[in-house]
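Q: Counting along the sequence shown from 1, when you hit position 183 you're at 197 in this note's numbering, and nothing is skipped either side. The C-beta atom is built at its ideal place from N, Cα and C for all residues, glycine as well.
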Amino acid sequence: MNTDARTDRRASRGWRSYAAGAAVVTALLACTACQPDVGGGSDKAGASDRPGAAEPDGTASRQPDRDDTDGASGTVAACSEEHLAVSSEREPASSKEARHLLLTVQNTGEEKCALHHYPHVMIGDAAANTPVIKDSSPDPGKPVVIGPAEEAHAALLVAGGARDEYEAKSITLTLHGPELGTTGSEPIDVPMPAGTLYADDGQLVTYWTTASGGALDFIMSK
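1) Using 10 angstroms around the beta-carbon of E125, count the other beta-carbons present and answer buried if the total reaches 16, otherwise exposed.
2) Go through its chain and collect everything with a Cβ distance to P50's Cβ below 8 angstroms, but skip five positions before and after it.
3) Can you have a look at G198 and say buried or exposed, based on whether 16 or more other CB atoms are within 10 angstroms of its CB?
4) Please say whether A208 and A112 have beta carbons closer to each other than 9 angstroms?
5) Along the chain, where does the beta strand (DSSP E) containing L230 start, and where does it finish?
6) With 16 other CB atoms within 10 Å as the buried threshold, where does A173 fall?
7) Which whole runs of the alpha helix (DSSP H) in the stretch 164-203 are 4 residues long or more, in chain order?
8) Would you say I185 and I233 are within 9 angstroms of each other, going by their C-beta atoms?
9) Below 8 angstroms on the Cβ atoms is my contact criterion, and I expect Q217 with T144 to pass it. Report the Cβ-Cβ distance as a whole number of Å.
10) Could you check whether N121 and P152 sit closer than 9 angstroms to each other, using their CB atoms as the reference points?
11) In angstroms with no decimal places, state the Cα-to-Cα distance between Y180 and V159.
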């Protein structure tokens, strides 16, 4: 047998084996490229479903907050003159002079309401509202909340022994607004504890509180 012919046949078989192997590898690579990207593709799909995830334009989707769904959560509306009963009484009750008064408001409504800061009080024809005792607030900055039928108090010193005494036949009370120095109602007539009060420029009033004794402590020694 011709040696050269055998050599040619072996070379031919070797080339066919190599070509077949290359074809298999190419097919496998092509098949792998057709498969979905399980890892990366799954993460991208899941990311758009997560709250607060980035949208396609790069912005974050905002999920509604709980407070957005129930309005002004945790707040109580301010008291209004329509739902308050107002009274005044001298302290002590047996006193012949009406110098120390306890002002009381009662919530006659069906919902809780908030009293801010202190009442604006005008005694008779005074030129200005009665000054407040600044350190009489039980919880500075926090409104006093009263439920239906509940009461709040402010103590009023009609005369502090100062000059410029005058006769007063009326007391008006104006509710304070949320911000210091503002008003939250029209003037409310306060029932008089006596026909005539003798006021002077030493008059003072306290912040609102639910403890009547706590309010009176600030004026009874004056």
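A: The short version:
1) It counts as exposed.
2) Annotation note: pLDDT 43 at P50 (below 50); position unreliable, no value reported.
3) buried
4) Yes. Within cutoff.
5) Element bounds for L230: not the beta strand (DSSP E) but the alpha helix (DSSP H), S226 to L230.
6) buried
7) none
8) no
9) Taking the Cβ atoms as the reference, Q217 lies roughly 5 angstroms from T144, within the contact range of under 8 angstroms.
10) no
11) 35 angstroms
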